[in-house]
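In UniProt numbering, the protein residues as written are 1 to 36. Built from N, CA and C at the ideal position, the CB exists for glycine as well. To keep things clear, I will list the structure first and then write my remarks on it.
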């Protein structure tokens with residue numbers, strides 16, 4: 001199992017970058033340890 005850190009540099013909660021990072025973290029979290 002790999003450890004993955006997701007960094008979001010945008011200050012807009014619920015914006016495109018935030019939604020993309022959230023979707024990535026959810027998908028990666030199925031097989032890896034993810035911290036956001």
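Note to self: By the three-class DSSP mapping on this structure, what secondary structure does residue 35 have?
What the structure shows: Residue 35 sits in a strand when the DSSP states are folded into three classes.
Check: Mind pulling the alpha helix (DSSP H) runs of 4 or more residues that sit fully within the stretch 7 to 33?
Finding: Listed in chain order, they are 16 to 28.
Check: Of all the options 26, 1 and 20, which has the alpha carbon lying nearest to the alpha carbon of residue 10?
Finding: Looking from the CA of residue 10, the closest CA among 26, 1 and 20 belongs to 20.
Margin query: Suppose contacts are defined by Cβ-Cβ distances below 7 Å. Is residue 39 in contact with residue 34 by that definition?
Written below: Outside the shown range of the chain (1 to 36) lies residue 39, about which nothing can therefore be said.
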